[in-house]
C-alpha cells in the first residue's frame, strides 16, 4: 500500500516544482519588463546623440521622425568630429578638464580620507562638533559663496617666475590652481569616508597600536586597503561635478588656453555649429563620464549597499 502512494507522490512533487519554477520565471520576466523600458527611456537620448554625431545634418533632420534616428545607417562618417577639432581647440579644452579633474579627484581622495580617518578613528574633543559643522556646510549652495570666493582668490599670493627668478604676485585668477585648490576638500566626501571608516572594527587599530604602528601607518596599511568601495564612490561623486564645472571657471578664467571643456562649449556654440558637430562635441564630453562610471560601478554600488550614507 505504501509503495504505490510513494510512486504517485513523486510525479506530483515534480509537477509542483515545475509550476513553482514557471511562476518564479513569470514574476521575474514581469519584474524585468518595467526596468528594461526605464533603461531604454534613459538610453534613447544617449543613443540618439552618439548616432547623430556620425551623420550629416540633412540625414539627421530626415531621420528625426523615424526609428532610423537611433540607428547608425545611411551616410555614416566621423567628419563631424574632424570639423569640431578644426573649428575650436577642443583638444586643449579636454586636456585642461582632464588635468583639473584628475588633480581634484586624486588630491581630494587623500585629503578627505585623512579627514574622515581623523573624525572616525581618533578620539579627540570637539570632533563631533566639527563633523556637525562640516555636514552643515552641505546645505550652503555654491552660488551663494561664489562671489566672495572670487574676491578671496584674487587677493591670495602666488608664485611666478620671471626667467629663472621666482617672485611673488597677488591673485590666483587665470590659473590652473584656482580651478583645483578650492574643490579638493569636500564636505560630502569627508562625511562618506567618516561613515565608512566607522564600520571597520576598531580592534584592528588596537592590535596595530600594540604592535607599535602609528596612526598614519594604520591609515595607510589597514584602513585604506579595506575601504576600496568608499574610495571608488568618492572618486565618482567627485569626478562628476569636477568634470562638469562651468560657473566657477567662467568667473575666474578668461584665457582661452586655460578653459575647461564645459566653458569651451559656450565658445563653440558662438561660432554657429551644425547639429552634427554639436552632437559630436557633446559626445566627446559625455564619453569620459560613461567610462568613469562603467569602470567603478561595481565598487560604487557595493559601497552604497554596504555603508551608504547612514547616520
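Numbering (my numbering), first residue to last: 51 to 361. Note that CB positions come from ideal geometry on N, CA and C, so glycine has one too.
Return the first residue and the last residue of the beta strand (DSSP E) that residue i is part of.
i	result
residue 140	Segment 140-171 is the alpha helix (DSSP H) holding residue 140; no beta strand (DSSP E) there.
residue 212	207-212
Residue i lies in the alpha helix (DSSP H); which residues open and close that run?
i	result
residue 123	No alpha helix (DSSP H) holds residue 123; DSSP gives it neither H nor E.
residue 189	First-last for residue 189: undefined, no H or E at that position.
residue 265	265-268
residue 255	253-260
residue 231	From DSSP, residue 231 is part of no alpha helix (DSSP H); its letter is neither H nor E.
residue 237	237-248
residue 316	311-319
Taking the C-alpha atoms as reference points, what is the distance between residue i and residue j?
i	j	result
residue 360	residue 166	In this prediction, residue 360 has a pLDDT of 47, which is less than 50 and means its spatial position is unreliable; what the coordinates show is noted afterwards. Those two C-alpha atoms are separated by around 15 Å.
residue 299	residue 233	12 Å
residue 83	residue 89	10 Å
residue 321	residue 169	50 Å
residue 96	residue 319	20 Å
residue 311	residue 112	30 Å
residue 303	residue 225	7 Å
residue 180	residue 191	20 Å
residue 153	residue 81	42 Å
residue 138	residue 171	50 Å
residue 52	residue 279	Unreliable positioning characterises residue 52 in this predicted model, as indicated by a pLDDT of 44, which lies under 50. A coordinate reading is not provided.
residue 115	residue 164	54 Å
residue 297	residue 99	24 Å
residue 76	residue 351	27 Å
residue 209	residue 87	55 Å
residue 293	residue 251	35 Å
residue 124	residue 291	37 Å
residue 107	residue 239	43 Å
residue 323	residue 105	14 Å
residue 216	residue 159	30 Å
residue 176	residue 182	10 Å
residue 309	residue 259	48 Å
residue 332	residue 126	18 Å
residue 211	residue 205	18 Å
residue 248	residue 255	12 Å
residue 103	residue 200	37 Å
residue 316	residue 196	20 Å
residue 339	residue 93	14 Å
residue 220	residue 121	54 Å
residue 344	residue 198	37 Å
residue 287	residue 267	27 Å
Could you give the DSSP three-state label for residue i: helix, strand or coil?
i	result
residue 303	coil
residue 216	strand
residue 130	helix
residue 226	coil
residue 74	helix
residue 105	coil
residue 296	coil
residue 335	helix
residue 68	helix
residue 112	helix
residue 347	helix
residue 324	coil
residue 176	coil
residue 277	coil
residue 221	coil
How many whole angstroms separate the CB atoms of residue i and residue j, which I take to be in contact at a CB cut-off of 8 Å?
i	j	result
residue 150	residue 285	Their Cβ separation, rounded to whole angstroms, is 15 Å, which puts residue 150 and residue 285 out of contact at 8 Å.
residue 110	residue 334	Not quite, the Cβ-Cβ distance comes to about 17 Å (not below 8 Å), so this is no contact.
residue 327	residue 140	Not quite, the Cβ-Cβ distance comes to about 10 Å (not below 8 Å), so this is no contact.
residue 162	residue 289	Contact flag wrong, Cβ pair sits at about 13 Å.
residue 146	residue 329	So it is not a contact: roughly 22 Å between Cβ atoms.
residue 174	residue 203	Wrong, their Cβ atoms sit about 31 Å apart, outside the cutoff.
residue 277	residue 346	Contact flag wrong, Cβ pair sits at about 14 Å.
residue 187	residue 257	Residue 187 to residue 257, Cβ: 35 Å. No contact.
residue 185	residue 241	6 Å
Could you tell me whether the Cβ of residue i comes closer than 8 Å to any Cβ of chain D?
i	result
residue 276	Of the chains in the structure shown, none is chain D; there is only one protein chain.
At a cut-off of 7 Å, would you count residue i as near the ligand SAM, judging by its Cβ distance to the nearest heavy atom?
i	result
residue 148	The ligand SAM is not part of the structure shown, which contains no ligands of any sort.
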